[in-house]
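Worksheet: one structure, shown below.
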């Protein structure tokens with residue numbers, strides 16, 4: 009019983025893992041300019057699921073070595089999981105590591121019929137694999153306890169660099185906002201043996217750059233091996249608010265040094281997770297001090313066992329926000345940009361010397377211009393888009409996640425304003441709308457504000473109201489669970 013008379017409940021946890029590496033030959037997703045399809049596998053892509061329940065509520069967290077899964081695919085996968093496992097779709101969190109060397113999914117390059125077939129086949133496999141791994145984790149439920157702690161590692165650097173003319177590029181901004189914390193959740197059985205380790209950091213997984221042709225989880229792979237070899241338990245990486253954070257090594261240029269950087273970043277993350285994991289005790293705690301007389305007076309402590317039942321708070325909540333994008337341009341401007349990219353597309357298709365990367369970029373821009381024209385023709389002005397906020401609370405630990413690429417400022421604000429002692433903020437979860445910048449970024453411009461609408465196939469930019477809406481909704485939901 010707690011001090012308020014609440015009866016404590018026992019936590020149960022189950023973990024499972026599956027390989028989600030696609031067939032070699034599938035196009036990779038992350039760098040629009042990437043010229044080649046995958047030609048090899050550097051490291052297997054994995055999905056690791058943990059299911060947690062207090063006997064009344066149940067949730068599943070699935071860590072995936074993928075760039076992201078956009079809706080409606082993510083919604084369908086969560087629904088399929090709920091059909092295979094006793095976890096409601098709304099209680100499933102899919103978090104994507106954001107590796108830029110994972111597979112492309114249907115819808116990104118519809119002009120390539122053969123790739124469309126390969127990608128649809130992979131999506132069908134992935135849907136079954138993720139449902140199966142959650143179902144297996146449910147079958148492995150056992151009594152458990154958990155705890156959390158926070159470390160720090162200099163993995164990233166703010167990338168919104170302002171040039172002398174005021175232009176914002178993807179570069180390095182040492183004075184920009186960044187969250188260097190490494191949040192760790194340790195899940196143990198009742199004897200104290202670790203069942204799973206969850207670790208969150210906020211940094212783009214782009215140590216291996218666009219010239220890389222091997223499927224890879226990037227530096228998460230080396231980090232995972234370090235963590236699992238020490239803890240003897242599966243590691244689930246949870247990606248945070250990494251929208252404007254590059255790795256300190258920068259984007260890989262394609263030479264052998266990028267693979268050295270991959271190992272270094274992996275060691276930095278893995279080492280910090282292991283150090284922080286070692287600080288967390290779940291099955292016992294230090295008891296009263298005992299002073300022993302020797303040559304000097306020595307203080308010793310015995311450890312006291314922790315009760316099996318430890319759960320006072322356990323809840324899940326979510327909300328789908330529907331908000332306006334910025335108004336579309338005048339019809340004349342819309343038609344002019346469509347005509348421009350139609351001409352560019354015809355020219356690049358007729359140019360035998362055009363690189364595949366150039367063709368990808370031009371075709372993406374033409375698709376975007378067509379989308380804007382179609383949206384305007386339907387009278388959707390301003391257009392509207394959706395973003396999902398998902399939260400969970402387990403005792404004093406809070407998780408808040410958004411289906412987008414949030415910039416670091418949003419994650420920092422949620423962590424600072426949360427009333428819970430330990431809050432994790434995650435991006436790239438249950439879908440990915442695109443970048444969500446803080447309000448002040450809109451006056452500065454830059455890729456996360458402007459060009460990203462082309463990559464993410466949005467008819468218009470977001471508005472400054474989006475960031476505060478995400479932050480406030482996450483905090484509101486955390487206060488309710």
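Numbering (the numbering used here), first residue to last: 9 to 489. Cβ atoms here follow ideal geometry from the backbone N, Cα and C, with glycine treated the same way. Small disclaimer: the values here were computed from a predicted structure and weren't measured.
Residue from the options whose Cα sits closest to the Cα of residue i
i: residue 144; options: 460, 21 and 336; result: 21
i: residue 16; options: 62, 341, 30 and 353; result: 62
i: residue 376; options: 346, 396 and 438; result: 346
i: residue 202; options: 222, 221 and 155; result: 155
i: residue 287; options: 108, 176 and 205; result: 205
i: residue 172; options: 420, 452, 473 and 475; result: 452
i: residue 363; options: 56, 43, 30 and 26; result: 43
i: residue 270; options: 211, 306 and 190; result: 211
i: residue 442; options: 357, 395, 19 and 31; result: 395
i: residue 297; options: 32, 339, 92 and 307; result: 307
i: residue 478; options: 370, 469, 327 and 335; result: 327
Where the beta strand (DSSP E) containing residue i begins and where it ends
i: residue 234; result: No beta strand (DSSP E) holds residue 234; the alpha helix (DSSP H) holding it covers 228-239.
i: residue 255; result: 253-255
i: residue 59; result: 54-61
i: residue 216; result: Segment: none, residue 216 is in no beta strand (DSSP E) and carries neither H nor E.
i: residue 209; result: 202-209
i: residue 247; result: 243-247
i: residue 68; result: 66-72
Per-residue DSSP class, three states only, for residue i
i: residue 323; result: strand
i: residue 85; result: helix
i: residue 49; result: strand
i: residue 295; result: strand
i: residue 525; result: Here the chain has residues from 9 to 489 only, and residue 525 is not among them.
i: residue 490; result: Missing from the structure shown is residue 490; the chain here goes from 9 to 489 and no further.
i: residue 316; result: coil
i: residue 176; result: strand
i: residue 286; result: helix
i: residue 98; result: helix
i: residue 197; result: strand
i: residue 105; result: coil
i: residue 304; result: coil
i: residue 183; result: coil
i: residue 330; result: strand
Cβ-Cβ distance between residue i and residue j below 8 angstroms
i: residue 256; j: residue 207; result: no
i: residue 53; j: residue 115; result: no
i: residue 100; j: residue 68; result: yes
i: residue 428; j: residue 401; result: yes
i: residue 398; j: residue 373; result: no
i: residue 37; j: residue 113; result: yes
i: residue 456; j: residue 251; result: yes
i: residue 438; j: residue 411; result: yes
i: residue 245; j: residue 259; result: no
i: residue 131; j: residue 81; result: yes
i: residue 184; j: residue 168; result: yes
i: residue 436; j: residue 421; result: no
Segment limits, alpha helix (DSSP H) that includes residue i
i: residue 346; result: 339-358
i: residue 21; result: Unbroken run through residue 21 is the beta strand (DSSP E), 19-27; no alpha helix (DSSP H).
i: residue 463; result: 460-463
i: residue 490; result: No answer is possible for residue 490: the residues shown for the chain start at 9 and end at 489.
Within-8 angstroms CB hit, residue i to chain C
i: residue 201; result: Within the model displayed, chain C is absent; a lone protein chain is all it includes.
Exercise. Note down, one range per segment and in chain order, each alpha helix (DSSP H) of at least 4 residues found wholly within the segment 116-173.
Key: Those alpha helix (DSSP H) runs which fall completely within the segment 116-173 and span 4+ residues are 121-147.
Self-check item: alpha helix (DSSP H) segments (min. 4 residues) lying fully within the segment 379-456
Solution: For the segment 379-456, whole alpha helix (DSSP H) runs of length 4 or above, ordered along the chain, are 416-425.
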